[in-house]
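Taking it in order: structure first as structure tokens, then the write-up.
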Amino acid sequence: MEIVIQIIVTGLTMGSMYALAAVGLSLIYGTLGMFNMAHGMFMTLGAYAVLTLASAMNLPLVAGILVAMLVGAAIGVLTHLLIVRFMLNSPEFGTNILVATAGLAIVLEDLVLKGYGGYPFPQPVKVEGVFVLVGVSITYQALVILLVAAVFIGAVAWLLLKTKFGRAIRATALNRDAARLMGVRTNTVYLQVMALAGALAGVAGLMISTLTTLSPHMGGDPLLKAFVICVVAGLGNVWGAGVCAFGLALLESAIGFYFGVRFGFPTMLMLVIVVLIWRPLGLFGKEKVVRL
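In terms of the working numbering, the sequence shown opens at residue 9 and continues consecutively.
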């Protein structure tokens, strides 16, 4: 029982962080049709922004989350205004934006490296302490991560399902030309989606840094795992990305416990291969029908 509880707690904690990263990445792909290679740096910059302010003042956790949100959203907006909007109508948009955001990620990582150095930093904005559940020690920070992920993913679900903003996003993702003809300002929707995904990435970066450390390269591994999750779920499927984030995290936790941590991620990659052979569109992906 202790082993099962430990695996579940570890899996849910990792799944919460993966879900925050994967939902934003999937939201961008589903709406704009682009894979944002700079998404990992959005996480990194959100975490470093909190570190910078926490070093200057006694920053509580709630304020740290707000700072990470604002910084991530601001970077998302700037990325859209300075790069994405100029490439939207290019013939090879998917490939071009992939290269452009990869270049942006390299530039941002280099700036962080020059500004903060390559040494890892602990994240001061976190909750200390542990409690014992059925003989298993669980940190309060793990509970905070679960709560934060539940609040933000629930808020995104509410926005997409219950608001005019969400309907505009879903209409644009379904058919941008039809949405434009129905009066949806798709360019504004793109900007809002980039801001929303950036805010989620900033919070994800903060939560990840509370369990590990801050470094200029900290966003690379979460970005890769978020991409794996999106592929397994089906590229652009936001709900599937959230579900697969927790499922794959629990699998990785169990594999890591029984066979070693180094086997966790390779197992996820093998699962991607199996899923793509069995269901090329992903577990939750659906084939689009185009009428000519």
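All C-beta atoms, glycine included, are put in the ideal place defined by N, C-alpha and C.
Note that the structure is predicted; figures quoted are calculated from it, not measured.
Contacting residues, own chain, Cβ-Cβ under 7 Å from residue i (five flanking each side not counted)
| i | result |
| --- | --- |
| residue 18 | 261 |
| residue 88 | 198, 199, 202 |
| residue 35 | 201, 204, 205, 246 |
| residue 146 | 17, 138, 139 |
| residue 83 | 50, 53, 206 |
| residue 79 | 53, 54, 57, 210 |
CB contact flag (residue i, residue j, <8 Å)
| i | j | result |
| --- | --- | --- |
| residue 116 | residue 21 | no |
| residue 290 | residue 242 | yes |
| residue 24 | residue 157 | yes |
| residue 181 | residue 192 | no |
| residue 284 | residue 236 | no |
| residue 134 | residue 67 | no |
| residue 30 | residue 249 | yes |
| residue 108 | residue 95 | yes |
| residue 72 | residue 64 | no |
| residue 33 | residue 238 | yes |
| residue 272 | residue 263 | yes |
Candidates the options, of which the one nearest residue i by Cα
| i | options | result |
| --- | --- | --- |
| residue 148 | 142, 137, 158, 157 | 137 |
| residue 198 | 39, 30, 23, 12 | 39 |
| residue 103 | 37, 150, 285 | 37 |
| residue 132 | 279, 166, 218, 273 | 218 |
| residue 28 | 159, 220, 259, 184 | 159 |
| residue 163 | 112, 185, 204 | 204 |
| residue 119 | 146, 52, 64 | 52 |
| residue 216 | 16, 239, 274, 150 | 150 |
| residue 161 | 99, 247, 42 | 247 |
| residue 258 | 245, 275, 244 | 275 |
| residue 41 | 252, 282, 251, 183 | 183 |
| residue 152 | 167, 214, 165 | 214 |
| residue 111 | 92, 127, 256, 98 | 92 |
| residue 196 | 85, 165, 231, 167 | 85 |
Sequence-distant residues of the same chain with beta carbon closer than 6 Å to residue i, five excluded per side
| i | result |
| --- | --- |
| residue 188 | 194 |
| residue 144 | 10, 13, 14 |
| residue 287 | none |
| residue 105 | 42, 95 |
| residue 254 | 23 |
| residue 44 | 36, 109 |
Any C-beta of chain B under 8 Å from that of residue i
| i | result |
| --- | --- |
| residue 109 | Of the chains in the structure shown, none is chain B; there is only one protein chain. |
8 Å Cβ shell around residue i - same chain, five flanking residues per side excluded
| i | result |
| --- | --- |
| residue 129 | 59, 221, 222, 223 |
| residue 179 | 186, 187, 190, 192 |
| residue 251 | 241, 292 |
| residue 101 | 41, 42, 95 |
| residue 98 | 104 |
Any non-hydrogen atom of the ligand ATP within 7 Å of residue i CB
| i | result |
| --- | --- |
| residue 58 | With respect to the ligand ATP, the structure shown offers nothing to examine, as it has no ligands at all. |
Worksheet item: Using 8 Å as the Cβ pair cut-off and three pairs as the minimum, do the stretch 265-277 and the stretch 52-66 touch?
Response: no
Practice prompt. Examine the Cβ distances between the stretch 192-212 and the stretch 115-128 and report whether three or more of them are shorter than 8 Å.
Written response: no
Worksheet item: Counting Cβ pairs closer than 8 Å, one from the stretch 222-235 and one from the stretch 33-49, do we hit at least three?
Response: yes
Practice prompt. At 3 residues or longer, and completely inside the stretch 49-132: list those beta strand (DSSP E) runs for me, N to C.
Written response: none
Item to complete: Taking only runs that begin and end inside the stretch 187-219, name each unbroken beta strand (DSSP E) of 3 or more residues, in chain order.
Response: none
Item to complete: Jot down the residue ranges of each uninterrupted alpha helix (DSSP H) in the stretch 231-286, minimum 4 residues, whole runs only, in chain order.
Response: 246-267, 272-286
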